[in-house]
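Heads up: the structure comes next, in structure tokens.
Residue numbers (my numbering), protein chains in the order written: chain A, 3 to 453; chain B, 3 to 453.
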């Protein structure tokens, strides 16, 4: 067997421990597939652990471990965007390949990190950063490499999907399910990143870059969480044949105008928000903490990838797939091997000089269908007023559901629309809310047929 | 831009034309991702085509094209196992990398072809051979490279899935749907390969080898088609919460004995057959001509991959993904680059000297749950007789459905069992069929909870 591969693991939390367990469990499989021995030589951890193989050097000096001569690949699973960034940059500078699961760090500083890695002729692999164990980075960078990607839609936050699933299946309100998710360890004590969509936005920024060949632009992702979703809307959606999921969308728009008024602009939509999708779509049936990504590309059409988006086993699987890639595929583990330069898989799927400056569209330029819930006095003219306003704005209605008045003569009217430019919808809603017969703010949730 | 990549396409049917169209449509994407120009320099075709770019050399001498100095990669999309084999071996001998969509050829002669390719230091890529556009070969060989694969279950024949979907959705009998599938071009004039499960068995042989690191053993795949499935069974299955799909299974069994009597044997099950699976499983909701593969591995757990399993666009996408891999990933497009030897992705996922001789289990050693339909005279003792026989054989019943007598006093009894060794089930059915009260052969369909 040829040269051993020496790994350093920085951070021994759930994921770091998962990687150690995976190597213990599957060492035979790893060797049979790679023809190499895979060794953890060092771990970086604040506290010494006595349950670790004593031949592995434990160090609290993470910078030293990241640069150690005894290490080929540095696995960063500390998390956060400060120390993690420092150790990764230090590892790169010292010619180490890096594997990381750190979506926040890459979404925010990936352009800088990848450029630094290319300068130093090493690779920063990040399969575990998006959708956990689902190999969506490899699929999009390599398997779909001959396709033009038109759009993707993903359930890329397991906590959010767990909450949406429980609300629908058991009729439990948001706050109640969130508490359970925290008890089960699915959600952090501070659930902001999950329920406000920030975690999903980090992942979406990465997916969009490798889909379209654009620099990482996390700050331009439109981001809406699930805190405002009520059981009432979950149930109306079901009644109309739809299901509400929290999805990230990256969509390429060719545009049919300059984006002013009611003309659509060319560019890319990056958005994370609750979305009504057809009940019978596979994506609508991905439940609990599972993640899934649906990619629509030419000429392949739609493909779906589904699995565990988090957890020690799934994340370790993705981390070690990256290690195996560095060993077998990227072919660059021998640092003196210059021959792979210029033909490897680029960090963001497209070669750096070919990244495009296609604009990211502003929220008001985006195009989606809508679910509207309008509360009005039970007045015979109200539906005519609303539909006239929508029609005047060029908004096509796909379905209407008017429920019987339930209190004080108020009736909820549910309207599903065909896709419309958001600025047009904003104007229409402004007008609807000014009607005398309207008693509340209009509730709006985006809708996508995934067609 | 560095050296161009020169392709030869052998065969200009649906898939060959699809590859040409893909390159025309997406050349800019291909260049942006690879940093290379991608050129078709030659095509091998029996008849000259006048709708092809005139700078492309057309030749009816396929052997000459496969060996041309003007070609880096040979794409074989002729089909069949005779001429296709000759041209592939000739291309390999002349140092060309090969991309093929030919499942029958690889399932039957892959061991020989891959060994020959390794001898000549070239790669034979075959993403398009299994599940069309779904990148299941890449996923299993690379993305799951750190996992121990326990089992996989796949809808890997689109024609069969179309027929099963139509039977269920529209209550149409098998023969009727088959005729439509032929009219739509989903099924061949001679549908044997699709409806008898042979095409699925070819693909399963490939999947099993890369899952477990075993040589290709197509001849040992247990193979059952869908020609015997009746609407009656489709409907009873639905009533009990299951759906019948035609699936390929590759299952690793650790065994708890030597396989004699009621002890289970260690080895691998390779089987293709109609199967009842839970209605709410995602796999049960993969409809029409779509394909999907569910993989259960440690530590990742279950992941599902779904998309178009056939058609010009999907197949061309997979073929060109292989080309992009040869350019970017396998890193061996420069034939004088010796440095990649020993660290590339092996043809069957595991390095050749590590392929294992784990036995393939015989049909009677396999373990599955069962759906049984028993027709009996409407006699009060019959259910007791049947359940006693099953119980004596150690077979656990999971559900029973007894329908009212519908003609001549016969009642169909539907029984779902927990997993049982097939030899035990054979014995039990033999006994049941000997009961005086039983009027017909017992209908048996396998059942899997996909748990």
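Backbone N, C-alpha and C fix where the C-beta goes; we use that ideal spot for every residue, glycine too.
Member of 247(B), 210(B) and 149(B) whose CA lies at the smallest distance from the CA of residue 171(B): Minimum Cα distance to residue 171(B) is reached at 247(B).
Can you give the beta carbon distance from residue 296(B) to residue 452(B), rounded, assuming they're within the 8 Å contact cut? Separation of the CB atoms of residue 296(B) and residue 452(B) is rounded to 7 Å, and the pair is thereby assigned contact status at 8 Å.
Using a beta-carbon distance below 8 Å, is residue 346(B) in contact with chain A? Residue-level contact by beta carbon holds for residue 346(B) and chain A, with a gap shorter than 8 Å.
With contact counted as at least three CB pairs below 8 Å, one residue from each stretch, are the region 436-445 of chain A and the region 373-389 of chain A in contact? These segments touch.
For residue 141(A), which residues in chain B fall below 9 Å Cβ to Cβ? Within chain B, the residues near residue 141(A) are 137, 140, 141, 145 and 307.
What three-state label does DSSP hand residue 419(A) in the structure shown? Note: residue 419(A) maps to strand in three-state DSSP.
Would you kindly work out how many angstroms separate the C-alpha atoms of residue 160(A) and residue 377(B), rounded to a whole number? The C-alpha of residue 160(A) lies about 47 Å from the C-alpha of residue 377(B).
Jot down the residue ranges of each uninterrupted alpha helix (DSSP H) in the region 90-122 of chain A, minimum 4 residues, whole runs only, in chain order. Taken in chain order, the unbroken stretches of alpha helix (DSSP H) that lie wholly in the region 90-122 of chain A and span 4 residues or more are 105-121.
Does the beta-carbon distance from residue 176(A) to residue 165(A) come in below 8 Å? Yes.
Could you confirm whether any beta carbon from chain E is found closer than 8 Å to the beta carbon of residue 281(B)? You won't find chain E in this structure, because its protein chains are A and B.
N- and C-terminal bounds of the beta strand (DSSP E) containing residue 384(A): Counting along the chain, residue 384(A) falls outside any beta strand (DSSP E), though it belongs to the alpha helix (DSSP H) covering 384-394.
First and last residue of the alpha helix (DSSP H) that includes residue 204(A)? Residues 200-214.
For residue 290(A), which of 275(A), 31(A) and 186(A) has the nearest alpha-carbon? Residue 186(A) is the option with its Cα nearest to residue 290(A).
So, at 6 Å on beta carbons, what are the nonlocal neighbours of residue 243(B) in its own chain, with the 5 sequence-adjacent residues on each side left out? Closer than 6 Å at the Cβ level, and outside the excluded window around residue 243(B), lie 281.
Counting only Cβ pairs nearer than 7 Å, list the residues of chain B close to residue 42(A). At a beta-carbon threshold of 7 Å, none of the residues of chain B lie near residue 42(A); the nearest stands roughly 13 Å away.
Please list, in chain order, the chain B residues whose beta carbon lies closer than 8 Å to that of residue 300(A). What residue 300(A) touches in chain B: 27, 28 and 315.
Taking only runs that begin and end inside the region 165-196 of chain B, name each unbroken alpha helix (DSSP H) of 4 or more residues, in chain order. Taking only runs of at least 4 residues, the alpha helix (DSSP H) segments lying wholly in the region 165-196 of chain B are 176-185.
Since residue 156(B) is in the alpha helix (DSSP H), which residue starts that stretch and which ends it? Counting along the chain, no alpha helix (DSSP H) covers residue 156(B); the unbroken beta strand (DSSP E) around it starts and ends at 150-157.
Cβ of residue 310(B) within 8 Å of any chain A Cβ: Yes - at least one Cβ of chain A is within 8 Å of the one on residue 310(B).
Using alpha carbons as the reference points, say which of 189(B), 421(B) and 155(B) lies closest to residue 392(B). Looking only at 189(B), 421(B) and 155(B), the smallest Cα-Cα distance to residue 392(B) is reached by 421(B).
List, in chain order, every chain A residue whose beta-carbon is nearer than 8 Å to that of residue 11(B). Within 8 Å of the CB of residue 11(B), no CB atom of chain A is found; the nearest one sits about 14 Å away.
Rounded C-beta distance between residue 120(B) and residue 354(B)? I'm assuming under 8 Å. Contact holds; Cβ gap of about 6 Å.
For residue 220(A), three-class secondary structure by DSSP: Of the three classes helix, strand and coil, the one that applies to residue 220(A) here is helix, per DSSP.
Any chance the region 93-103 of chain A sits against the region 263-272 of chain B, with 3 or more Cβ pairs inside 8 Å? A contact is defined here as three or more CB-CB pairs under 8 Å, and the region 93-103 of chain A fails this definition with respect to the region 263-272 of chain B.
Could you check how far apart the C-beta atoms of residue 252(B) and residue 209(B) are, in whole angstroms? I think they sit under 8 Å. Right, their Cβ atoms sit about 6 Å apart.
In chain order, what residues of the same chain have a beta carbon less than 8 Å from the beta carbon of residue 193(A), not counting five sequence neighbours either side? Taking residue 193(A) as the centre and dropping the five residues before and after it, the same chain places the C-beta of 161, 180, 183 and 184 closer than 8 Å to its C-beta, in chain order.
Report the rounded CA-to-CA distance for residue 238(A) versus residue 416(A), giving the unit in angstroms. Distance between the alpha carbons of residue 238(A) and residue 416(A) is about 8 Å.
Inspect the CB distances between the region 204-223 of chain B and the region 365-377 of chain B and report whether three or more fall short of 8 Å. The region 204-223 of chain B is not in contact with the region 365-377 of chain B.
Quick check on residue 432(B) - is its C-beta less than 8 Å from some C-beta in chain A? No - not a single Cβ of chain A is within 8 Å of the one on residue 432(B).
Out of 223(B), 372(B) and 115(B), point me to the one whose CA is closest to residue 279(B)'s CA. Taking only the C-alpha atoms, the option nearest residue 279(B) is 372(B).
Does residue 187(B) come within less than 8 Å of chain A when only Cβ atoms are used? Closer than 8 Å to the CB of residue 187(B) there is not a single CB belonging to chain A.
Going by the DSSP bridge assignment, what does residue 275(B) pair with across the sheet? Paired residue(s): 249(B).
Where residue 71(B) and residue 84(B) are concerned, what is the direct C-alpha to C-alpha distance, given to the nearest angstrom? So the alpha carbons of these two residues sit roughly 24 Å apart.
Taking residue 315(A) as part of the beta strand (DSSP E), name the residues at either end of that continuous run. Careful: residue 315(A) lies outside any beta strand (DSSP E), inside the alpha helix (DSSP H) at 314-326.
The beta strand (DSSP E) that contains residue 306(B), what's its start and end? Note, residue 306(B): beta strand (DSSP E), 303-310.
Using DSSP bridges, identify the partner residues of residue 377(B). Looking at the DSSP assignment, residue 377(B) forms a beta bridge with 414(B).
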